[in-house]
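Line order of the protein sequences matches chains R and A. Following the UniProt record's numbering, the numbering of the first sequence begins with 1 at its first residue and continues without gaps. Following the UniProt record's numbering, the numbering of the second sequence begins with 1 at its first residue and continues without gaps. C-beta atoms are modelled at their ideal positions from N, C-alpha and C, and glycine is treated no differently.
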Amino acid sequence: MSDESGLSRRSFLSRLGAVGVATVAPAVAQPVSAAPVALLDAPAPEAIENAVPVSLKVNGKVLDLKIDPRTSLLDCLRETASLTGTKKGCDHGQCGACTVHVNGRRVNSCLSLALMHEGDEITTIEGLGTPENMHPMQASFVEHDGYQCGYCTSGQIMSAVALLKEPCGPADADVKELMSGNICRCGAYPNIVAAIQAVRHTA
Amino acid sequence: MELFKFTKATGIPQAVQMAAMSKTAQQGADVRFIAGGTTLLDLMKLNVEVPTQLVDINGLALDKVERLPDGRLRIGALVRNSDLAHSAEVQKDYAVLSQALLSGASAQLRNMATTGGNLLQRTRCMYFRNDALPCNKREPGTGCPAIEGDNRTLAIFGTSSDCIATNPSDMNIALVALEATVQVQGPKGEREVPIGEFHLLPGKTPHRENVLEPGDLVTSVTLPAAKAGAKQTYLKLRDRASYEFALASTAIVVELHGGKISYVRVALGGVGTKPWRSHEAEHALMGKAADAKNFRAAAEAALHGAKPQSENGFKVELAKRCIVHALTVATQQA
Numbered sequence: 001m002s003d004e005s006g007l008s009r010r011s012f013l014s015r016l017g018a019v020g021v022a023t024v025a026p027a028v029a030q031p032v033s034a035a036p037v038a039l040l041d042a043p044a045p046e047a048i049e050n051a052v053p054v055s056l057k058v059n060g061k062v063l064d065l066k067i068d069p070r071t072s073l074l075d076c077l078r079e080t081a082s083l084t085g086t087k088k089g090c091d092h093g094q095c096g097a098c099t100v101h102v103n104g105r106r107v108n109s110c111l112s113l114a115l116m117h118e119g120d121e122i123t124t125i126e127g128l129g130t131p132e133n134m135h136p137m138q139a140s141f142v143e144h145d146g147y148q149c150g151y152c153t154s155g156q157i158m159s160a161v162a163l164l165k166e167p168c169g170p171a172d173a174d175v176k177e178l179m180s181g182n183i184c185r186c187g188a189y190p191n192i193v194a195a196i197q198a199v200r201h202t203a
Numbered sequence: 001m002e003l004f005k006f007t008k009a010t011g012i013p014q015a016v017q018m019a020a021m022s023k024t025a026q027q028g029a030d031v032r033f034i035a036g037g038t039t040l041l042d043l044m045k046l047n048v049e050v051p052t053q054l055v056d057i058n059g060l061a062l063d064k065v066e067r068l069p070d071g072r073l074r075i076g077a078l079v080r081n082s083d084l085a086h087s088a089e090v091q092k093d094y095a096v097l098s099q100a101l102l103s104g105a106s107a108q109l110r111n112m113a114t115t116g117g118n119l120l121q122r123t124r125c126m127y128f129r130n131d132a133l134p135c136n137k138r139e140p141g142t143g144c145p146a147i148e149g150d151n152r153t154l155a156i157f158g159t160s161s162d163c164i165a166t167n168p169s170d171m172n173i174a175l176v177a178l179e180a181t182v183q184v185q186g187p188k189g190e191r192e193v194p195i196g197e198f199h200l201l202p203g204k205t206p207h208r209e210n211v212l213e214p215g216d217l218v219t220s221v222t223l224p225a226a227k228a229g230a231k232q233t234y235l236k237l238r239d240r241a242s243y244e245f246a247l248a249s250t251a252i253v254v255e256l257h258g259g260k261i262s263y264v265r266v267a268l269g270g271v272g273t274k275p276w277r278s279h280e281a282e283h284a285l286m287g288k289a290a291d292a293k294n295f296r297a298a299a300e301a302a303l304h305g306a307k308p309q310s311e312n313g314f315k316v317e318l319a320k321r322c323i324v325h326a327l328t329v330a331t332q333q334a
């Protein structure tokens, strides 16, 4: 997700919006020192009406946040905690793009309230590996070209990592069945199954 | 989504007391328990459910699968679908339940969805789920456009002139075949409801889907002691191979003595406004040999009373073949 300048696509787009059209060229040309993305595009906690405090443990770090009680775990991770690796697809538990781990088990973060997860261990794609030190499943997705546009990929990988610890038969068909909650509109399914099977065979 | 108050229940009496303030426990309830959230939050995002108070029951100690001294199996209301499906007790003695659970939803949803929530799962009827359209179940008295409209996936059993919505649960179909009992804690105490009496036919009141009253909390589901030698299977037919609701499904529990059927329970999914037990099929099978001719006769008997809608006539033959194949698979097991 990061290029050599250390800019993520999201932080680049945010800065593009913030600096305006006149300075587009310099913004592209010059690396920008890292600044929290949240400062640029998330409302300050004081701005949220009816906000309630919530303490979440995400990727090993405790985050003390203030959120609207309606906030899904997905929106909380993306908009409040600025962990945008988890994607919003259908927002109704039908596509799997929002898959994260709660206490080691995969769940649809869109169909859960953030308030229901105090005390839980939440893991997102950001907690799985880094570009320099990828989780074996991330490396296998790269090696097997398990994506095209990449939008569903973090959900696919979170699902695939959880699958490694679940009861699952040895066949490709068994993997397909247990991955059916993750939709890929590009249709990268054969490569996704190959990536998962490669990790299972070396595990 | 409308704003609501969120409270974590610290005990069953407190949860019951809070929910007892609701004007109804049915469609439109202002107080809702939330467990897995997979149905409720989905419907709240659609403005189909608009509670003003959520009571989070995840902290209640209702998450155990326990063998009772008399051999029954008690399943806590908060046991997740995945845990129940993979429970050693269920896999050994109630395979039909494990199969039904694993045929439903996705791995992620099964990790979230609970036994109590699945029992109360709401219909997938598109008119119910779209608050811009009339629906007697969502808004009593507004009419049922499904009857003349998009009804390919809807019910052929238990329908009324007010509602033809299908109960979508796979788990419920297995619970009917296993003759489960539902334990309910309410403001007046505890009571038990046989699964066959838990869900209501739509009739003139499709917004009433079950017997629950304000304050009632489903605490567990109990299965009778396992029948030694009973063969079980769940067969689900659908538009996709995985992650799709049933067009027709069949749960079978059957026992054979001397080549004849001595005990059988037949429950049908995807075709009824409530989880559908076919006494007709059971009656046709009792004392008969387990062969293709008798299975087909049972399927004919089961579907005799079916009332197909304008787009789902195909379900009649589909359900018959589903019954025949499920009986074949079940009785051929070692």
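Using the three-state DSSP reduction, which class does residue i fall into: helix, strand or coil?
i: Ile-196/R; result: helix
i: Lys-294/A; result: Reading off the sequence, residue 294/A comes out as Asn, not Lys. Here Asn-294/A sits in helix by DSSP.
i: Arg-277/A; result: strand
i: Gly-270/A; result: coil
i: His-207/A; result: coil
i: Pro-170/R; result: coil
i: Val-16/A; result: helix
i: Arg-67/A; result: strand
i: Asp-64/R; result: strand
i: Ala-107/A; result: helix
i: Ala-51/R; result: coil
i: Ile-323/A; result: helix
i: Val-50/A; result: coil
i: Lys-165/R; result: coil
i: residue 341/A; result: The requested residue 341/A does not occur in the structure, where chain A is confined to residues 1 to 334.
i: Phe-314/A; result: helix
i: Phe-128/A; result: helix
i: Ala-61/A; result: coil
i: Lys-57/R; result: strand
i: Thr-115/A; result: helix
i: Leu-120/A; result: coil
Quick one: does the C-beta of residue i sit closer than 7 Å to a heavy atom of the ligand ADP?
i: Lys-92/A; result: As for the ligand ADP, it is missing from this structure, which has no ligand bound.
Going along chain A, which residues have a C-beta under 8 Å from residue i?
i: Met-116/R; result: Ile-34, Gly-37, Asp-56, Asn-58
i: Gly-85/R; result: Within chain A, no residue comes near Gly-85/R; the closest Cβ sits about 17 Å away, beyond 8 Å.
i: Gly-96/R; result: Ser-106, Gln-108
Mind listing the chain R neighbours of residue i? Cutoff is C-beta to C-beta under 9 Å, in chain order.
i: Val-121/A; result: The residue asked about is misnamed: residue 121/A is Gln in this sequence, not Val. Within chain R, no residue comes near Gln-121/A; the closest Cβ sits about 13 Å away, beyond 9 Å.
i: Leu-3/A; result: Glu-49, Asn-50, Asp-68, Pro-69, Arg-70
Listing by chain order, which chain R residues have their CB less than 7 Å from the CB of residue i?
i: Asp-42/A; result: His-92, Gly-93, Leu-111
i: Asn-111/A; result: Arg-105, Arg-106, Val-107
i: Lys-45/A; result: Asp-91, His-92
Sort out for me which residues DSSP pairs residue i with in a bridge.
i: Phe-33/A; result: Val-55/A
i: Lys-188/A; result: Answer by DSSP bridge pairing: none, since Lys-188/A is not bridged.
i: Tyr-234/A; result: Ala-251/A
i: Gly-76/A; result: Ser-220/A
i: Thr-24/A; result: Bridge partners of Thr-24/A: none, in fact.
i: Pro-194/A; result: Thr-181/A
i: Lys-8/A; result: Asp-56/A
i: His-283/A; result: In DSSP, His-283/A forms no bridge with anything.
i: Leu-256/A; result: Ile-261/A
Listing by chain order, which chain A residues have their CB less than 7 Å from the CB of residue i?
i: Thr-99/R; result: Gln-108
Interface residues of chain R around residue i at Cβ under 8 Å?
i: Tyr-243/A; result: Ser-180, Gly-181
i: Phe-6/A; result: Val-52, Pro-69, Leu-113, Leu-115
Would you list, in sequence order, the uninterrupted alpha helix (DSSP H) runs of no fewer than 4 residues that lie entirely inside the stretch 68-156 of chain R? Secondary structure in the stretch 68-156 of chain R: the alpha helix (DSSP H) runs of 4 residues or longer, each lying completely within the stretch, are 136-144 in chain order.
Which runs of the alpha helix (DSSP H), 4 residues or longer, sit entirely within the stretch 132-182 of chain A? Runs of the alpha helix (DSSP H) lying entirely within the stretch 132-182 of chain A and spanning at least 4 residues, in chain order: 171-177.
Name, going along the chain, the residues of the stretch 158-178 of chain R whose beta-carbon falls closer than 8 Å to a beta-carbon of chain A. Residues passing the 8 Å Cβ filter: Ser-159, Ala-162, Leu-163, Glu-166, Pro-167, Lys-176, Glu-177, Leu-178.
Residues from the stretch 86-102 of chain A in contact with chain R, defined by Cβ distance under 9 Å: Of all residues in the stretch 86-102 of chain A, only His-86, Leu-102 come within less than 9 Å of chain R when Cβ atoms are compared, listed by chain position.
Chain A contacts made by the stretch 104-132 of chain R, where a contact means CB separation under 7 Å: Contact annotation: in the stretch 104-132 of chain R, residues whose CB is within less than 7 Å of a CB in chain A are Arg-105, Arg-106, Val-107, Asn-108, Leu-111, Ser-112, Leu-113, Leu-115, Met-116.
Give the residues from the stretch 188-205 of chain A that approach chain R closer than 7 Å (Cβ to any Cβ), ordered along the chain. Considering only beta carbons, no part of the stretch 188-205 of chain A lies closer than 7 Å to chain R.
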